[in-house]
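Enquirer: Just so you know, the sequences run in chain order R and U. Position one of the first sequence corresponds to residue 1 (the UniProt record's numbering), numbered consecutively onward. Position one of the second sequence corresponds to residue 1 (the UniProt record's numbering), numbered consecutively onward. A virtual CB, placed ideally from N, CA and C, is assigned to each residue, including glycine.
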Amino acid sequence: MIRTLRLSIYYQLLMALRMKQAMFFTLAFPLFLFVLFGNLWGQGDPDHLLFTLTGILGMNVATEGIFAIGPAIKDYNSSGILRYFKKLPFNILTHFFGLISSQLLLMLLSTALLLVTGALLFGIRLTPALLGQVLAGLTAGLTVFGFIGLSVAFLNVKKGGGVAQRGSLASAVYYVLVFLSDAFYPLGDINPVLGQVLHFSPMNPVLQLLRGEPVAWLTLVAWTALALGFFLFQFRRFTSAR
Amino acid sequence: MEPLLLPLTMLVLLFIHESGHVLAAKLLGLRVTKVGILTKPIPHPYVAIRWSPVRWKVLIFFFVGVALTLTQFALLLGTTRFFDQRYVYLGFCAQLVLETNPVYSDFTLAKQFVSGQGRQATDMFSLRWYVHVTLWLLLIIGLFSPRYLYGLLFL
Numbered sequence: 001m002i003r004t005l006r007l008s009i010y011y012q013l014l015m016a017l018r019m020k021q022a023m024f025f026t027l028a029f030p031l032f033l034f035v036l037f038g039n040l041w042g043q044g045d046p047d048h049l050l051f052t053l054t055g056i057l058g059m060n061v062a063t064e065g066i067f068a069i070g071p072a073i074k075d076y077n078s079s080g081i082l083r084y085f086k087k088l089p090f091n092i093l094t095h096f097f098g099l100i101s102s103q104l105l106l107m108l109l110s111t112a113l114l115l116v117t118g119a120l121l122f123g124i125r126l127t128p129a130l131l132g133q134v135l136a137g138l139t140a141g142l143t144v145f146g147f148i149g150l151s152v153a154f155l156n157v158k159k160g161g162g163v164a165q166r167g168s169l170a171s172a173v174y175y176v177l178v179f180l181s182d183a184f185y186p187l188g189d190i191n192p193v194l195g196q197v198l199h200f201s202p203m204n205p206v207l208q209l210l211r212g213e214p215v216a217w218l219t220l221v222a223w224t225a226l227a228l229g230f231f232l233f234q235f236r237r238f239t240s241a242r
Numbered sequence: 001m002e003p004l005l006l007p008l009t010m011l012v013l014l015f016i017h018e019s020g021h022v023l024a025a026k027l028l029g030l031r032v033t034k035v036g037i038l039t040k041p042i043p044h045p046y047v048a049i050r051w052s053p054v055r056w057k058v059l060i061f062f063f064v065g066v067a068l069t070l071t072q073f074a075l076l077l078g079t080t081r082f083f084d085q086r087y088v089y090l091g092f093c094a095q096l097v098l099e100t101n102p103v104y105s106d107f108t109l110a111k112q113f114v115s116g117q118g119r120q121a122t123d124m125f126s127l128r129w130y131v132h133v134t135l136w137l138l139l140i141i142g143l144f145s146p147r148y149l150y151g152l153l154f155l
């Protein structure tokens, strides 16, 4: 069982590492943004550097949740591969666990890269408190965005809608989540009207966890429950395409 | 009104950039097939030539635009320090960043030409592309960071 799981994680990781575009957006792009923003706006201002770092971590976890896990599971289901997997002599859950674990490992690698870059390039102190906040934020983020990603992936806007259509819906949700939040700038301070919208954003509680600020738990729990419920509802009425 | 100097500077530089391509093509004896505006991937003016087997001529044609922008940038920096107009400086920087970007620029077209695999070839996500991205990142930081050129000139 352990060996099957280990192999499943290994092969899923190998498959992910071979997707050059995915690797760019998972590992290199967050680093690029951090080095750029850190140099342009964060020099000599440790608070701003931490704000930027945690904002990018928030963006990263949203990317993983919305684009990496949900669409993959939806495609397994819609293409009929799930039925094929069920005939294989190993538990289907092992396969999904491998998929999710490999994505988790990649996200942890990306986070470690960002933290080490922050420490080496900008002198950010990697205190246990900061690491604890980051872990808490990533866990909460992956849970809520994972379910949002699954809900979006299973939401058939149009019967037979193509990959591009589903992708564009996920992108729209992603951009709204990232840019209508405090990820890169204190939106509430810039525009008080948009500041009101932030109370309902699932991204902000994740950022609050990452930044060690008081957390809007009600918003976070409500979004997780809502996304989970919506996903389960969609999943039950979903039929395989083959 | 001062911020308008930024798009105005970029427009003038864009005109000089494209004129440089046309002039270089004429001087090098390359056949210009089209001058116009492309809408994809983003709206931009362009000068198309028939690719010549004489490699250096085509490469000069590709790089003359960015060379002109760089020359003007160096001249203005050395002689007038951009007239203390930060928006003129920012216009130059934005234009330089656009002209050297690793996704779609004369550099990527030149790489397609050198690869010999036609206009659809791409080296995106290769090691060479990552080197380009890194150099581009350093250029942006060097131009816009308050610690470097921008700070030296205006802060």
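So is Arg147(U) in contact with chain R if we call contact Cβ pairs under 8 Å?
Expert: Mapped onto the second sequence, residue 147(U) falls at position 147. By this cut-off, Arg147(U) is an interface position.
Enquirer: To the nearest angstrom, report how far apart Leu109(U) and Leu4(U) are at their CA atoms.
Expert: Start at 1 with the first residue of the second sequence, and residue 109(U) comes out as number 109. Start at 1 with the first residue of the second sequence, and residue 4(U) comes out as number 4. Rounded to whole angstroms, Leu109(U) to Leu4(U) spans 31 Å at the Cα level.
Enquirer: Check whether the Cβ atoms of Thr69(U) and Leu96(U) sit closer than 8 Å, and answer yes or no.
Expert: For this step, residue 69(U) is matched to residue 69 along the second sequence. For this step, residue 96(U) is matched to residue 96 along the second sequence. Yes, they are a contact pair.
Enquirer: Closest by CA to Ser102(R), which one among Gly229(R), Glu64(R) and Gly118(R)?
Expert: On the first sequence, position 102 is the one that residue 102(R) refers to. With distances taken between Cα atoms, Ser102(R) lies closest to Glu64(R).
Enquirer: Quick check on this structure: which residue in Leu220(R), Ala153(R) and Ser201(R) has the alpha carbon closest to the alpha carbon of Phe233(R)?
Expert: In the first sequence, residue 233(R) corresponds to position 233, counting from 1. Taking only the C-alpha atoms, the option nearest Phe233(R) is Ala153(R).
Enquirer: For Leu53(R) versus Ile124(R), is the C-beta distance shorter than 8 Å?
Expert: Numbered from its first residue, the first sequence carries residue 53(R) at position 53. Numbered from its first residue, the first sequence carries residue 124(R) at position 124. In this structure, Ile124(R) lies closer than 8 Å to Leu53(R) by Cβ.
Enquirer: Would you say Asn60(R) reaches chain U, if we count a Cβ-Cβ gap shorter than 8 Å as a contact?
Expert: Taking the first residue of the first sequence as 1, we reach residue 60(R) at position 60. Chain U contact via Cβ: absent.
Enquirer: Quick one: which chain U residues come within Cβ less than 8 Å of Leu36(R)?
Expert: Mapped onto the first sequence, residue 36(R) falls at position 36. Those within 8 Å of Leu36(R) in chain U are Leu137, Ile140 and Ile141.
Enquirer: Would you mind listing the alpha helix (DSSP H) stretches within the stretch 20-51 of chain R that are 4+ residues and don't spill past its ends, in chain order?
Expert: Within the stretch 20-51 of chain R, the complete alpha helix (DSSP H) runs of at least 4 residues are 20-23 and 29-41.
Enquirer: Leaving aside the five residues before and after Leu198(R) along the sequence, list all residues of the same chain whose C-beta is less than 8 Å from its C-beta, in chain order.
Expert: Indexing the first sequence from 1 puts residue 198(R) at position 198. The residues are Leu180, Ser181, Asp182, Leu187, Gly188 and Asn204.
Enquirer: At a CB distance below 9 Å, what residues from the stretch 20-34 of chain R approach chain U? Give them in sequence order.
Expert: So the close ones are Lys20, Gln21, Met23, Phe24, Ala28 and Phe32.
Enquirer: Am I right that Tyr87(U) and Leu11(U) are in contact with their C-beta atoms under 8 Å? What's the rounded C-beta distance?
Expert: Locating residue 87(U) in the second sequence gives position 87, counting from the first residue. Locating residue 11(U) in the second sequence gives position 11, counting from the first residue. At roughly 13 Å, the Cβ-Cβ gap does not stay under 8 Å, so Tyr87(U) and Leu11(U) are not in contact.
Enquirer: So what's Ala74(U) in DSSP terms, helix, strand or just coil?
Expert: The sequence position of residue 74(U) within the second sequence is 74, counting from 1. Residue state, collapsed to three classes: helix.
Enquirer: Using a Cβ-Cβ cutoff of less than 7 Å, which residues in the same chain neighbour Phe147(R) once the five nearest sequence positions on both sides are dropped?
Expert: Against the first sequence, residue 147(R) aligns to sequence position 147. For Phe147(R), where only same-chain residues beyond five positions count, the Cβ hits under 7 Å are Thr224, Ala227, Leu228 and Phe231.
Enquirer: Examine chain U for any beta-carbon lying closer than 8 Å to the beta-carbon of Leu13(R), and answer yes or no.
Expert: Counting from 1 along the first sequence, the entry for residue 13(R) is found at position 13. No, because no Cβ of chain U sits closer than 8 Å to the Cβ of Leu13(R).
Enquirer: Put Tyr46(U) into one of helix, strand or coil per three-state DSSP.
Expert: Within the second sequence, residue 46(U) is the residue found at index 46, counting from 1. If DSSP states are grouped into helix, strand and coil, Tyr46(U) belongs with the strands.
Enquirer: Of the residues Pro30(R), Ser171(R), Phe235(R) and Asp47(R), which one's Cα is nearest the Cα of Phe122(R)?
Expert: For the purposes of this step, residue 122(R) is taken as the residue at position 122 of the first sequence. Cα-wise, what sits closest to Phe122(R) is Asp47(R).
Enquirer: Under 8 Å between the Cβ atoms of Thr33(U) and Arg50(U)?
Expert: For this step, residue 33(U) is matched to residue 33 along the second sequence. For this step, residue 50(U) is matched to residue 50 along the second sequence. Cβ atoms of Thr33(U) and Arg50(U): closer than 8 Å.
Enquirer: What runs of the alpha helix (DSSP H), each 4 residues or longer, lie entirely inside the stretch 154-220 of chain R?
Expert: DSSP runs (the alpha helix (DSSP H)) wholly in the stretch 154-220 of chain R: 163-179, 187-190, 192-197 and 203-211.
Enquirer: Against Val103(U), what residues of chain R qualify as contacts under a CB-to-CB distance less than 9 Å, listed in chain order?
Expert: Within the second sequence, the letter at position 103 stands for residue 103(U). Chain R residues near Val103(U): none, gap ~11 Å exceeds 9 Å.
Enquirer: For Phe107(U), return the contacting residues in chain R, with the cut-off set at a CB-CB distance below 8 Å.
Expert: Position 107 of the second sequence, counted from the start, is the residue given in the question as residue 107(U). Residues of chain R passing the Cβ test: none, with the nearest at roughly 17 Å.
Enquirer: Taking 8 Å as the threshold (C-beta atoms), are Gly118(R) and Leu210(R) in contact?
Expert: The sequence position of residue 210(R) within the first sequence is 210, counting from 1. The sequence position of residue 118(R) within the first sequence is 118, counting from 1. Taking 8 Å as the Cβ cut-off, Leu210(R) and Gly118(R) do not qualify as a contacting pair.
Enquirer: In chain order, what residues of the same chain have a beta carbon less than 8 Å from the beta carbon of Tyr174(R), not counting five sequence neighbours either side?
Expert: For this step, residue 174(R) is matched to residue 174 along the first sequence. The answer, listed in chain order, is Ala62, Thr63, Ile66 and Phe67.
Enquirer: What are the start and end residues of the alpha helix (DSSP H) that includes Thr127(R)?
Expert: Against the first sequence, residue 127(R) aligns to sequence position 127. Premise fails: Thr127(R) is in no alpha helix (DSSP H) and is neither H nor E.
Enquirer: Hey, how far is the Cα of Phe82(U) from the Cα of Leu36(R)?
Expert: Position 82 of the second sequence, counted from the start, is the residue given in the question as residue 82(U). Position 36 of the first sequence, counted from the start, is the residue given in the question as residue 36(R). Their backbone Cα atoms lie some 24 Å apart in a straight line.
Enquirer: Going along the chain, which residues of its own chain have a beta-carbon closer than 6 Å to the beta-carbon of Leu27(R), five neighbours each way excluded?
Expert: For the purposes of this step, residue 27(R) is taken as the residue at position 27 of the first sequence. So the qualifying residues of the chain are Ser110.
Enquirer: What residues of chain U sit near Asn39(R), judged by a beta carbon separation below 7 Å?
Expert: By one-based count along the first sequence, residue 39(R) stands at place 39. The answer, in chain order, is Ile141 and Ser145.
Enquirer: Beta-carbon separation of Leu114(R) and Phe51(R) under 8 Å?
Expert: Along the first sequence, read from residue 1 onward, the residue named residue 114(R) stands at position 114. Along the first sequence, read from residue 1 onward, the residue named residue 51(R) stands at position 51. The answer is no: Cβ separation not under 8 Å.
Enquirer: Does the distance from the C-beta atom of Trp129(U) to that of Pro146(U) stay below 8 Å?
Expert: Numbered from 1 along the second sequence, position 129 holds the residue referred to as residue 129(U). Numbered from 1 along the second sequence, position 146 holds the residue referred to as residue 146(U). No, the pair does not count as a contact, with Cβ atoms beyond the cut-off.
Enquirer: Work out the CA separation of Ala140(R) and Gly132(R) for me, nearest whole Å.
Expert: On the first sequence, residue 132(R) is found 132 positions in, with the first residue counted as 1. On the first sequence, residue 140(R) is found 140 positions in, with the first residue counted as 1. Using only the alpha carbons, I get a separation of about 12 Å.
Enquirer: May I ask you to report which of helix, strand or coil DSSP gives Thr33(U)?
Expert: As a first step, residue 33(U) must be located in the second sequence, where it is residue number 33. It is a strand residue.
Enquirer: Would Ala24(U) be called buried (16 or more neighbouring beta carbons within 10 Å of its own) or exposed?
Expert: For the purposes of this step, residue 24(U) is identified with residue 24 of the second sequence, where counting begins at 1. Result: buried.
Enquirer: Where DSSP assigns a beta bridge to Leu38(U), which residues make up the other side?
Expert: If you number the second sequence from 1, residue 38(U) lands on position 38. Beta-bridge pairing links Leu38(U) to His44(U).
Enquirer: So Cys93(U) packs on Phe144(U), CB below 8 Å; how close in whole Å?
Expert: Start at 1 with the first residue of the second sequence, and residue 93(U) comes out as number 93. Start at 1 with the first residue of the second sequence, and residue 144(U) comes out as number 144. The pair is a contact, with the Cβ atoms about 6 Å apart (cut-off 8 Å).
Enquirer: In chain R, which residues lie with their C-beta within 7 Å of the C-beta of Phe125(U)?
Expert: Taking the second sequence and counting its residues from 1, the one referred to as residue 125(U) is at position 125. Within chain R, the residues near Phe125(U) are Lys20, Gln21 and Phe24.
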